[in-house]
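Chains as they are written, first to last, in our numbering: chain A, -18 to 180; chain B, -18 to 180.
2 protein chains.
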Amino acid sequence: MNIVCLDLEGVLVPEIWIAFAEESGIPELKRTTRDEPDYDKLMHWRLGILKEHGLGLKEIQETISKIEPLEGAKAFLDKLRELTQVIIISDTFTQFAGPLMKKLGYPTIFCNSLEVAPDGEITGFKMRCENSKLTTVKALQSIGYDTIASGDSHNDLAMIQASKAGFLFRSTEQIKKDYPELPAFESYDDLLHAIQQAL
Amino acid sequence: MNIVCLDLEGVLVPEIWIAFAEESGIPELKRTTRDEPDYDKLMHWRLGILKEHGLGLKEIQETISKIEPLEGAKAFLDKLRELTQVIIISDTFTQFAGPLMKKLGYPTIFCNSLEVAPDGEITGFKMRCENSKLTTVKALQSIGYDTIASGDSHNDLAMIQASKAGFLFRSTEQIKKDYPELPAFESYDDLLHAIQQAL
């Protein structure tokens, strides 16, 4: 039996932190896992910048409420969910993902959670488990699933490589060059076709 | 972080085999996990009866296409999916569940698969893993989730007991009597309220 594991940001919705960097006018926040493979380091650095600017959960959620899924993402996901089981595995946080999941028709998402003070300051974050994408894919395999995975960034590589089939989607030139053995797609039609072949 | 694990038949949709027993006029097929705790024994017995009557996947799928979710089930599930992550963990088969998942708005379901001959005879079945409900709940716990579970039958008891909170839903008098420590509900409103309290 198969289950498809998809990254969220860059694959189904725009990068949330990039949208917030633009909205807030703080260009440093454009740094993502595409640029910084160490997620813990990246998140602590982001929280420092938020604190410095006096920004909290409310301001980020306001930006997120304006974000739409990438063009064609919902149709792709709808088709995929008709064919097989799908789980979005993301390093984002429940407090960010909620409104986006609504716009995508409530697919299942496995992500993390933020620690938020009563005044809205984001004081920390709780990762669901270590190496969450790989660990989750391994857990799904342990209960009888063959996984098929797709993502765009450094933190997706382990789940892609550990899966029966794995695909880069709208990744960076550098990642595509560094992992020439991984099929890389730019359109939802091509990704859907590749997943169908793997099912 | 929380995830709600729900049984399918008897909780969100009618018992598929009971519906098929009525449609086909074979009353023996009314036997379910409520009556026979050994699922493997139950399934082999069912496949024997199907073979005897010359019935296959096509005939069962025709019955399933006419089954509707239980009254209020979709609204309950929709509300729950707005609040938290939900996975249906069922001992049914992908070939049976598909049309029902469509009617429920494509929630994620973890179930099993049938082995079907080219002529439509169901020749066997492949269980995803042993003790699938408990094993799946344990796997979800291993990736950082607290589980909240609900079901109606013998095969739901282990996942209910292994969870942070667990509830019987529209269960038998015997099971309710044998497990007086498990809160038992009859309405979706009561079940939703109990889950909300546990979140």
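Where is the CB? At the ideal position from N, CA and C, for every residue including glycine.
Closest by C-alpha distance to residue i, when choosing among the options
i	options	result
glutamate 111/A	Glu9/A, Asp19/A and Ser5/A	Asp19/A
isoleucine 69/A	Leu138/A, Val(-15)/A, Gln177/A and Asp171/A	Val(-15)/A
aspartate 159/B	Thr13/B, His135/B and Ile45/B	His135/B
glycine 125/A	Pro8/B, Thr44/B and Ala120/B	Ala120/B
serine 144/A	Thr128/A, Thr153/A, Gly132/A and Gln155/A	Thr128/A
isoleucine 141/A	Ile41/A, Glu162/A, Glu154/A and Thr153/A	Glu162/A
leucine 31/B	Pro99/B, Ile(-1)/B, Ile7/B and Asp171/B	Ile7/B
glycine 79/B	Lys107/B, Ser46/B and Ala56/B	Ser46/B
glutamate 43/B	Phe148/B, Ala130/B, Asp21/B and Phe1/B	Phe1/B
proline 99/A	Gly37/A, Ser5/A, Lys114/A and Ile90/A	Gly37/A
leucine -11/B	His25/B, Gly35/B and Phe91/B	Phe91/B
glutamate 74/B	Arg15/B, Glu96/B and Pro164/B	In the sequence under discussion, the amino acid at residue 74/B is phenylalanine, which differs from the glutamate named in the question. The shortest C-alpha separation from phenylalanine 74/B is found at Glu96/B.
aspartate 133/A	Ile48/A, Met82/A and Pro164/A	Pro164/A
glutamate 17/B	His174/B, Ser5/B, Ala175/B and Asp137/B	Asp137/B
Residue-level contact to chain B via CB, residue i, 7 Å cutoff
i	result
glutamine 76/A	no
Neighbour flag for residue i against chain A, beta carbons, 7 Å
i	result
methionine 140/B	no
methionine -18/B	yes
alanine 120/B	yes
glycine 105/B	no
threonine 73/B	no
Neighbour list for residue i in chain B, Cβ cutoff strictly below 8 Å
i	result
arginine 62/A	Tyr87
Where residue i meets chain A, residues with beta-carbon distance less than 8 Å
i	result
serine 94/B	Met(-18)
glutamine 66/B	Thr89, Ile90 and Phe91
Interface partners of residue i on chain A, CB under 7 Å
i	result
glycine 125/B	Arg109 and Cys110
Inter-residue spacing [alpha-carbon to alpha-carbon] between residue i and residue j
i	j	result
isoleucine 103/A	tyrosine 169/A	34 Å
proline 88/A	valine -6/B	20 Å
leucine 180/B	serine 94/B	32 Å
leucine 64/B	glycine 105/B	38 Å
glycine 86/A	lysine 60/B	13 Å
leucine 58/B	glutamine 66/A	17 Å
lysine 84/B	glutamate 3/B	21 Å
alanine 146/B	glutamate 52/B	25 Å
glutamine 178/B	alanine 130/B	13 Å
glycine -9/B	isoleucine -1/B	10 Å
glycine 101/A	arginine 109/B	43 Å
arginine 151/B	leucine 172/B	10 Å
glutamate -4/A	serine 71/A	12 Å
methionine -18/B	serine 123/A	21 Å
isoleucine 41/A	glutamate 154/A	29 Å
phenylalanine 148/B	alanine 139/B	11 Å
threonine 116/B	histidine 34/A	46 Å
lysine 157/A	lysine 107/B	37 Å
methionine 82/B	glutamate 49/B	10 Å
glycine 29/B	arginine 12/B	13 Å
phenylalanine 77/B	lysine 39/B	10 Å
valine 118/A	valine 118/B	15 Å
aspartate 21/B	glutamate 167/B	28 Å
threonine 14/B	alanine 54/B	21 Å
serine 113/A	arginine 27/A	19 Å
methionine 24/B	alanine 175/A	35 Å
arginine 62/B	arginine 62/A	16 Å
leucine -13/A	leucine -13/B	23 Å
glutamate 9/B	alanine 56/B	33 Å
Per-residue contacts from residue i into chain B (C-beta, under 7 Å)
i	result
threonine 117/A	Ile124
Item to complete: Quick one: which unbroken alpha helix (DSSP H) runs of 4-plus residues sit fully inside the stretch 20 to 93 of chain A? Chain order, please.
Response: Fully enclosed alpha helix (DSSP H) runs of 4 or longer: 20 to 33, 38 to 47, 54 to 64 and 75 to 84.
3 or more residues per run - each beta strand (DSSP E) lying fully within the stretch 116 to 143 of chain A:
Taking only runs of at least 3 residues, the beta strand (DSSP E) segments lying wholly in the stretch 116 to 143 of chain A are 127 to 132.
Residue ranges of each alpha helix (DSSP H) run of no fewer than 4 residues wholly in the stretch 141 to 179 of chain A, ordered along the chain?
Listed in chain order, the complete alpha helix (DSSP H) runs (minimum 4 residues) inside the stretch 141 to 179 of chain A are 154 to 159 and 169 to 179.
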